[in-house]
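>
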Amino acid sequence: MRTIRHIIDERAGQTPDKVYLIAPEPGLSLSYGQLKEDAISFGKYLMTLGLKKGDNVSFMLGNGYQTTKIFLGAMYSGLVIAPLNLMAQPSHLEYVLDHSDTKAVFFTKDQKSKLETAITKVKHDIDLKEIDNDAKTIIPADLDLSGFALPDIREEDDALLLYTSGTTGLPKGVILSHKNMIAGGQYTTRAHHLTPDDRALCSLALYHINGEVVTAVTPLVSGGSVVMPHRFSVSNFWELIAEYGCTWFSVVPTIISYLCSSTHLEGKDLNLEQLRFGRSASSALPPSLHKEFEEKFKVSIVETMGLTETAAPVFSNPIDPKKRKYGSPGVAVGNEAKIVDKNGSEVARGTQGEIMIRGDNVMKGYYKAPELTAAAIEPDGWLHTGDLGYMDEEGFIFVTGRIKELIIKGGENIAPREIDEAFYRHPAVLDAAAVGIPDEQYGEEI
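Start counting the sequence shown at 43; every next residue gets the next number (the numbering used here).
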């Protein structure tokens, strides 16, 4: 039985004094032993608010000391954590607050006005808790927790409720179990050969699946540690890696672009010898940008791919630079992958079709949406990703676009990604997006 509680308890029992979390801004750190104690206390605190096992609880916070403890503490306690996106539009926030059935929201002062406005449209009561993200504790000192005991939890229990962007309609709430979350951490650990000696720099928000699983849960699974600044900043990115001895980091292509454009590192004598690699995910990394970063900083970038519906990791390139392939997010690690045609039949290597995934990381389903869940997950566990691509002879995946974005010109199926890649090969192009427009002769034109 593997749950977030089991993992934390195991680490606290084996290495209680080892540091799990470093929060640079307040200068605080958290050992595995203290993480367990704080998770228990936080769970009991939630019970004093009337929350019980299976209830949804949210935070509207930037990264930080308390954000990490709330994120892990809620799952440890048998509740479901439902993070709120700080960048969400008012309509998105209103919908998620209402649809998620969240019972409480932890937030900082700068989010108060936005949250209070959104909550007026919600049909159920929500307990609002304003906190200091850099405080050592948010539990009232005079609160008696002695009469409370945490409920038992199982690996099949819900752990995370995270809403997708909703670019094709209303946001969908993805339900991930403890089993899903831990599988995500295990697959990341396996893909990158992580050990207890590794330390991650978290540059991505804890209201996105990448930040949550890859850089918060994965160190728990591997027995390592994580440095958690409030946010990504070009001005202190390399300094944090050097100061705290980070061995790897997880970013997105936009951050890689920012770092490549910056001259911040020039003239500085920083010790980065311990840094093994950087990890890129969340969107395709243009090969030209990939190579530019590696040439400039002499740091290997491992391109990967994941989904909210798969607790982050799905594909990863090998750690060995000689074995990876530019333009590909890599091979399946931990889970299974196949390419199918429109009838669901697996196609030959090199043939384009829909990418499908199966594994312990595949979500339980969409919240309060059984029909969407049934359409997304086949009875035998295969998940429809909606992504188009092909698999080469060595098992590497190449993504060519989205099924719903497919351009049909004169009866020919054209993946927008193929057009994008042609533009990416020009050194003056940073980003590109091909779209189809109506055409009388061809049906669609590029």
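Where a beta carbon is used, it is the ideal one built from N, C-alpha and C, also for glycine.
Is the CB-CB distance between residue 294 and residue 322 below 9 Å?
Here residue 294 is taken as the residue at index 252 of the sequence shown, counted from 1. Here residue 322 is taken as the residue at index 280 of the sequence shown, counted from 1. Result yes, Cβ atoms of residue 294 and residue 322 sit closer than 9 Å.
> Taking Cβ to Cβ, would you say residue 127 is nearer than 9 Å to residue 135?
Your numbering for residue 127 matches position 85 in the sequence shown. Your numbering for residue 135 matches position 93 in the sequence shown. Contact flag set, yes.
> Count Cβ pairs between the stretch 360-371 and the stretch 334-351 that sit closer than 8 Å; are there 3 or more?
yes
> At a cut-off of 8 Å, would you count residue 155 as near the ligand MG, judging by its Cβ distance to the nearest heavy atom?
Of the ligands one can find in the structure shown there are none, so the ligand MG has no counterpart to examine.
> Using alpha carbons as the reference points, say which of 56, 159, 138, 177 lies closest to residue 110.
In the sequence shown, counting from the first residue as 1, residue 110 sits at position 68. Of the candidates 56, 159, 138, 177, the one whose C-alpha sits nearest the C-alpha of residue 110 is 177.
> For residue 252, does the three-state DSSP call read helix, strand or coil?
Your numbering for residue 252 matches position 210 in the sequence shown. Helix.
> Below 9 Å between beta carbons: does that hold for residue 466 and residue 330?
Within the sequence shown, numbered from 1, the residue matching residue 466 stands at position 424. Within the sequence shown, numbered from 1, the residue matching residue 330 stands at position 288. Cβ distance < 9 Å, so residue 466 and residue 330 count as in contact.
> Taking all protein chains shown into account, decide if residue 435 is buried (16 or more other Cβ within 10 angstroms of its Cβ) or exposed.
Working through the sequence shown from its first residue, we reach residue 435 at position 393. Classification of residue 435: exposed, given that the 10 Å Cβ count is below 16.
> Could you spell out where the alpha helix (DSSP H) holding residue 156 opens and where it closes?
In the sequence shown, counting from the first residue as 1, residue 156 sits at position 114. Counted as a single uninterrupted DSSP element, the alpha helix (DSSP H) harbouring residue 156 occupies residues 154-161.
> Could you tell me which of 124, 368, 308 sits nearest to residue 203, measuring between CA atoms?
Here residue 203 refers to the residue found at position 161 of the sequence shown. It is 124 whose Cα lies nearest to the Cα of residue 203.
> Okay, do the stretch 262-270 and the stretch 48-56 touch, 3+ Cβ pairs below 8 Å being the bar?
A contact between stretches requires three or more CB pairs, one per stretch, nearer than 8 Å, and the stretch 262-270 meets this requirement with the stretch 48-56.
> Leaving out five residues before and five after residue 334 in sequence, what residues of the same chain have Cβ atoms less than 7 Å from its Cβ?
For the purposes of this step, residue 334 is taken as residue 292 along the sequence shown, with counting starting at 1. Around residue 334: 302.
> Once the 5 residues before and after residue 143 are set aside, which same chain residues still bring their CB inside 6 Å of it?
The residue labelled residue 143 in the question sits at position 101 within the sequence shown. Once the five neighbours on either side are set aside, the close Cβ partners of residue 143 are 98.
> With DSSP as the reference, label residue 488 as helix, strand or coil.
The residue given as residue 488 occupies position 446 in the sequence shown. Residue 488 falls in the coil class under three-state DSSP.
> Using the DSSP secondary-structure output, state which residues sit across from residue 419 in a beta bridge.
Numbered from 1 along the sequence shown, position 377 holds the residue referred to as residue 419. Looking at the DSSP assignment, residue 419 forms a beta bridge with 425.
> State the DSSP-derived secondary structure class of residue 222, mapped to helix, strand or coil.
Residue numbering aside, residue 222 sits at position 180 when the sequence shown is read from its first letter. Of the three classes helix, strand and coil, the one that applies to residue 222 here is helix, per DSSP.
> Residue 89 to residue 431, Cα distance in whole Å?
Along the sequence shown, read from residue 1 onward, the residue named residue 89 stands at position 47. Along the sequence shown, read from residue 1 onward, the residue named residue 431 stands at position 389. C-alpha separation (whole angstroms): 47 Å.
> Compare the Cα-Cα distances from residue 475 to each of 328, 87, 132, 105 and report the closest residue.
Along the sequence shown, one-based indexing puts residue 475 at 433. If we check each option's Cα against that of residue 475, 328 comes out closest.
> Measuring alpha carbon to alpha carbon, tell me which residue in 200, 84, 182 is nearest residue 192.
Your numbering for residue 192 matches position 150 in the sequence shown. Among 200, 84, 182, the Cα nearest to that of residue 192 is on 84.
> In whole angstroms, give me the CA-to-CA distance for residue 179 and residue 282.
The sequence position of residue 179 within the sequence shown is 137, counting from 1. The sequence position of residue 282 within the sequence shown is 240, counting from 1. In a straight line, the C-alpha of residue 179 is about 24 Å away from that of residue 282.
> Taking residue 131 as the reference, give the member of 107, 213, 74 with the closest Cα.
Counted from its first residue, the sequence shown places residue 131 at position 89. Nearest C-alpha to residue 131: 213.
> With distance defined between alpha-carbon atoms, name the residue in 185, 174, 133, 461 nearest to residue 163.
Position 121 of the sequence shown, counted from the start, is the residue given in the question as residue 163. Closest by alpha carbon: 133.
> Between residue 165 and residue 140, what straight-line distance do the alpha-carbon atoms span, to the nearest angstrom?
For the purposes of this step, residue 165 is identified with residue 123 of the sequence shown, where counting begins at 1. For the purposes of this step, residue 140 is identified with residue 98 of the sequence shown, where counting begins at 1. Using only the alpha carbons, I get a separation of about 6 Å.
> With a 10 Å radius around its C-beta and 16 neighbouring C-beta atoms as the bar for buried, classify residue 209 as buried or exposed.
Position 167 of the sequence shown, counted from the start, is the residue given in the question as residue 209. At residue 209, the pLDDT of 46 sits below 50, so the modelled position is not reliable and the matter cannot be decided from this model.
> When you compare only the Cα positions, how much space is there between residue 280 and residue 391?
As a position in the sequence shown, residue 280 is number 238, starting the count at 1. As a position in the sequence shown, residue 391 is number 349, starting the count at 1. The alpha-carbon atoms of residue 280 and residue 391 are separated by roughly 41 Å.
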